[in-house]
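Presented below is the structure to which this report refers.
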Amino acid sequence: MSHSDQSQGTSRRAFLSANGTLAAATVLVPQSRAAAAEAPPTTRARRVEFSMPSLSFRDVGRQNSLGRLYEAALTGLIGINTVYATPAVYDRAGLVDYPPGAFVRAGGGYPSPQRWTRDAAVNAWNAASLLGPMVGANTLWAVIDRQEHDGLIVQQDNQWWDQVIWVVAAWNHYAITGDRHFLANAYQASANTLAARKARNFNTEFGLFTGPSFMNDGIAGYPSPPWADGIGSSFVLDYPHADELMCLSTNCLYHGALTALAGMADQVGRSGEAGGYRSDARALRQAINRHLWRENPGSYGYLIHGGDTHAGELDPSQEGAGLAFAVLCGVADARRTRLLLNNAHWQPRGIVNVWPHFPRFSDDRPGRHNVMVWPMVHSMFGHAAAAGGRTDLFERAITGLASLVGDSDDNFYELYNSLTGAVDGGWQTGNDSRWTSQPDQAWSASGYLRMIYSGLFGLTFTPNQVSISPTLPPAWGDVGLYGVPYRDATLDITLTGAGNRVRSCTVDGRSSRPVIPAAVTGHHTVHIVLET
4 MSHSDQSQGT SRRAFLSANG TLAAATVLVP QSRAAAAEAP PTTRARRVEF
54 SMPSLSFRDV GRQNSLGRLY EAALTGLIGI NTVYATPAVY DRAGLVDYPP
104 GAFVRAGGGY PSPQRWTRDA AVNAWNAASL LGPMVGANTL WAVIDRQEHD
154 GLIVQQDNQW WDQVIWVVAA WNHYAITGDR HFLANAYQAS ANTLAARKAR
204 NFNTEFGLFT GPSFMNDGIA GYPSPPWADG IGSSFVLDYP HADELMCLST
254 NCLYHGALTA LAGMADQVGR SGEAGGYRSD ARALRQAINR HLWRENPGSY
304 GYLIHGGDTH AGELDPSQEG AGLAFAVLCG VADARRTRLL LNNAHWQPRG
354 IVNVWPHFPR FSDDRPGRHN VMVWPMVHSM FGHAAAAGGR TDLFERAITG
404 LASLVGDSDD NFYELYNSLT GAVDGGWQTG NDSRWTSQPD QAWSASGYLR
454 MIYSGLFGLT FTPNQVSISP TLPPAWGDVG LYGVPYRDAT LDITLTGAGN
504 RVRSCTVDGR SSRPVIPAAV TGHHTVHIVL ET
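So for the sequence shown, this note's numbering puts the first residue at 4; every next one is plus one.
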């Protein structure tokens, strides 16, 4: 049993080895029941306050599809997956706020506890930090440890490549909230985490960080090598040289983390450290574009092999999350962004984890982390499409996910078949039985919310302001988002027209740039007219 198995209960590795079908009786229950079952009487979680902006399309059909799924996503994130954070498990650093003592768990089909860095960071980044800042902070603090001598650090488990997305999410949380107490602790945890990763997982020859890819803790997400017949394990690190891979998504997240850490350093008055992090980020960006960019066909490859028989070779597969993070984490310039969006392969039901099928899989037996639609990855790509100016691809992404979830009784499942849209867990090793796609996935729901908040309405936060850069597909008609929380203000935002260029903007009836300063207070109305 690994250290993470012993200290955290059930790790993702243990879940993988159990074939994703552990008994439902071990699953965390929604917050009201969890509080009663798990919280001692003196620390029982109180009612959690969220702001839940309402989404309204003038078009009735659009409201009945995208609007209905928006409500389902809020229910999935807040009503189902916001639960009590048992102090002994989730408050190792002493930073979780009690009351309410609530955080966002990973999902409804997993065993508890769910102290998983990747899920926590993604859910906070997608939506929780905006809708419920205290719960967003608790979700991030739930995966932080306090070292005896060196201070705070993201938990040091056997999936180190998950750690850096926490830094990106923490910076986003500060940009939304302006919480300087949060920032001071987040900077310490982020700096310690990046230092540990650079010391242990940096390949100086390539200038890239080593480790598996962002989504792929399962071996189905990899070619051969590292996969090899006869090993039989689901977990990627059980295969030789898998720890030496240099993957697109992971390195893009390191770039995002270094950039975020530089911003944190500036905010806490450490300009010298900020300069060092920016220098490291520039060097990493250059290395990614030098080693992973493929001018023909105009996209990024998936990974560079480590010490296996293909050492130093670039695997040309398309990694959905990698392409999204290349845009969202600032690795791809405008030209590369345009090309990768133009050239991205879509399956009939969406953007998949890795394309194409590895030889041991097929349309009839798709790999769980291979040619399958994970809503979280698909949503990241949808946001990247909006950020890259592709209104058509953004529309395809958000309507595609709404269709998948609508066809599964408005439940945000873990993954779907990329051809049929059926709820489908796929295969992991190629020789195992079909896996289960788990229900009530928090990051599937928060991914949909991300496409609404960051894609459709284009909310982009910095420490000093929120800018609004919407992407409104043609023929959608007018749409409004009412009751958006922003620090000490509440915003009602309405969009008319179509496209992603702001023709005009008014704030409280007065002509303005589509920017709201952080110091604003009270209730304000923002009306934006868009054009192509």
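From the three backbone atoms N, C-alpha and C, an ideal C-beta is built for every residue, glycine too.
For residue i, the three-state DSSP class (helix, strand or coil)
i, result
"P473", "coil"
"T535", "coil"
"C508", "strand"
"M383", "helix"
"T499", "strand"
"R47", "Because R47 sits at a pLDDT of 35, beneath the cut-off of 50, its placement in the model cannot be relied upon, and the point is left open."
"Q321", "strand"
"P488", "strand"
"A60", "Here residue 60 turns out to be Phe, not Ala, going by the sequence shown. Looking at F60 - three-state DSSP - the assignment turns out to be strand."
"P102", "coil"
"V146", "coil"
"N356", "coil"
"Q175", "It is worth fixing the name first, because residue 175 is Asn in this sequence and not Gln. Here N175 sits in helix by DSSP."
"S302", "strand"
"F205", "strand"
"M375", "strand"
"W438", "coil"
"Y416", "coil"
"W479", "coil"
"A26", "Caution applies to A26, whose pLDDT of 31 falls short of 50 and renders its modelled position unreliable; the model cannot decide the point."
"Q444", "strand"
"R95", "coil"
"W349", "coil"
"S421", "coil"
"L211", "strand"
"L155", "strand"
"V86", "strand"
Buried or exposed (CB count within 10 angstroms, at least 16 for buried), residue i
i, result
"A231", "exposed"
"A198", "exposed"
"N165", "Sequence check: residue 165 is Asp here, not Asn. Buried is the call here."
"P477", "exposed"
"T120", "buried"
"G461", "buried"
"P116", "buried"
"R183", "exposed"
"A327", "buried"
"G525", "exposed"
"E417", "buried"
"T29", "In this prediction, T29 has a pLDDT of 26, which is less than 50 and means its spatial position is unreliable; what the coordinates show is noted afterwards. T29 is exposed by the Cβ-count criterion."
Residue(s) in a DSSP beta bridge with residue i
i, result
"H526", "T493"
"I307", "M249, L317"
"P520", "Q468"
"W430", "G370"
"A463", "For the sequence presented, residue 463 should be read as Thr rather than Ala. Answer is S470, bridged to T463."
"R183", "None; R183 has no bridge partner."
Nearest to residue i (by Cα), restricted to the options the options
i, options, result
"S472", "G502, V487, F415, A448", "G502"
"G224", "H360, T253, E151", "H360"
"Q540", "S54, S59, S68, A75", "No statement about residue 540 is possible, as the shown extent of the chain runs from 4 to 535 and does not include it."
"R108", "Y73, L98, W144, S57", "W144"
"P136", "Q150, W163, F185", "F185"
"F205", "V523, G323, V532, G309", "G309"
"Q431", "S440, G424, T423", "S440"
"L287", "M218, E208, R341", "E208"
"I222", "E151, L343, G370, E52", "G370"
"D495", "V529, A521, V469", "V529"
"I354", "L422, A335, L248, P300", "L422"
"R149", "A96, L331, M55", "A96"
"P488", "V523, G480, R513, Q350", "V523"
"F53", "S132, A123, V92, S382", "S132"
"G480", "L498, V239, Q468, Y73", "L498"
"Y305", "T312, D311, E316", "E316"
"R61", "L484, I519, A387, S514", "L484"
"V426", "L58, L407, N434", "L407"
"S193", "H313, A277, N129", "A277"
"A347", "L533, G391, R363, L240", "G391"
"F238", "A187, Y303, N161, V380", "N161"
"G385", "P215, Y416, A400", "A400"
"S68", "R453, A405, M218", "A405"
"T213", "N254, N175, D241, F364", "N254"
"H258", "I291, L343, L342, I156", "I291"
"I531", "A521, S470, D491, P520", "S470"
"S382", "G233, Y87, S449", "S449"
**Asked** Unbroken alpha helix (DSSP H) runs of length 4 or more, entirely within the region 213 to 292: which are they?
**Response** 251 to 270
**Item:** Entirely enclosed beta strand (DSSP E) segments - the region 105 to 143, minimum 3 residues
**Value:** 105 to 107
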